[in-house]
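What follows is a single structure, written as structure tokens, with notes after it.
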Amino acid sequence: MEIASNRPRAHVLVLPGGKPVSTSAARPWHLSALRMTLLTESLRSRLSMYDITVGQVRYTYRGWNGDRMSPVHDALRALDEVHRRRGDVRIGLVGHSMGGRVAAHLAAQPGVGAVVALAPWWPEDDGALVPPERRLLVVHGTADTWCDPRVSAVQTARARGRGVDAQFRPLAGGGHFLLTKPGWWHAVTAEFLRESLAPAGRPTGGDHV
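Residues 1 to 209, numbered by UniProt numbering, are exactly what the sequence shown covers, in order.
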């Protein structure tokens, strides 16, 4: 993940999906990565005016791989690099599917202020890992047959019960791969990140339409 050395107001890490088990090398042309590349570019265009930068994490392996939690280690290294290059900036995490699980496991890291889980794979009550000091947005299509949206809704409600500022946004008829109304997924994610990481809501400079 390439990171500029200047210090922004906040930085967003985008976390792709993957497989429950796989030690095959993750490649940027895999659909899980390409899907998040489109989201990353959309978030950059929507958030750059608020001095929020966005970077996509590159995994070593395609799978979660049980107790190895392979993508979590990649994401932690990326987070460490952000802090090394940019200091104590606020962090937003955006994860799709398996990436939503990675985001939950990183939610308690220093500097994290917002977590967005898109159609998350939360098989072990992973939403419980989000501490009350964070803001949480869970977005899930109601027609998802890969990850149960009802599980996401229940875990979001539990998080709210623990004091997390947690929201659940269903998309009627939406599937798992963000293909139904992709612009809606992007817009909802960007607006939540802007509200969470740049609450003043004022562009940092220039003319914007």
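Beta carbons are placed, not taken as given, at the ideal position from N, Cα and C, and that holds for glycine.
Cβ-based neighbour list, residue i, same chain, cut-off 8 angstroms, excluding 5 preceding and 5 following
i, result
"residue 245", "As displayed, the chain neither begins before 1 nor continues past 209, which places residue 245 out of reach and without an answer."
"residue 190", "42, 43, 46, 47"
"residue 5", "With a pLDDT of 46 at residue 5, under the threshold of 50, the modelled position of that residue is not reliable, and the figure given next carries that caveat. These residues qualify, in order along the chain: 85, 86."
"residue 19", "62, 63, 64, 98"
"residue 194", "46, 47, 50, 52, 201"
"residue 203", "49, 50"
"residue 37", "28, 56"
"residue 21", "63, 64, 65, 66"
"residue 192", "114, 116, 135, 137, 167"
Buried/exposed call for residue i, threshold 16 Cβ in 10 Å
i, result
"residue 126", "buried"
"residue 67", "exposed"
"residue 149", "buried"
"residue 139", "buried"
"residue 200", "exposed"
"residue 102", "buried"
"residue 32", "buried"
"residue 25", "exposed"
"residue 183", "exposed"
Beta-carbon contacts of residue i that lie in its chain and below 7 angstroms, excluding the five residues immediately before and after
i, result
"residue 130", "104, 107, 115, 136, 159, 164"
"residue 147", "97, 119, 120, 121, 176"
"residue 109", "79"
"residue 151", "122"
"residue 132", "162, 163, 164"
"residue 124", "none"
Close beta carbons around residue i, own chain, < 6 angstroms, minus the five adjacent residues each side
i, result
"residue 60", "74"
"residue 23", "61"
"residue 17", "32, 96, 97, 98, 99"
"residue 72", "102, 105"
"residue 69", "none"
Residue j beta carbon less than 8 angstroms from that of residue i
i, j, result
"residue 15", "residue 92", "no"
"residue 57", "residue 78", "yes"
"residue 178", "residue 35", "yes"
"residue 145", "residue 172", "no"
"residue 161", "residue 134", "no"
"residue 117", "residue 95", "yes"
Presumed contact (8 angstroms Cβ cut-off) between residue i and residue j, rounded CB distance
i, j, result
"residue 169", "residue 188", "6 angstroms"
"residue 166", "residue 180", "Not really, about 23 angstroms apart at Cβ, beyond 8 angstroms."
"residue 186", "residue 39", "6 angstroms"
Contact test: residue i Cβ vs the ligand MN heavy atom, cutoff 7 angstroms
i, result
"residue 154", "Judged by which ligands are present, the structure shown has none, so any question about the ligand MN falls away."
Item checked: Any alpha helix (DSSP H) of 4 or more consecutive residues that is wholly inside the UniProt domain "AB hydrolase-1" (12 to 151) -> 31 to 47, 70 to 86, 98 to 106
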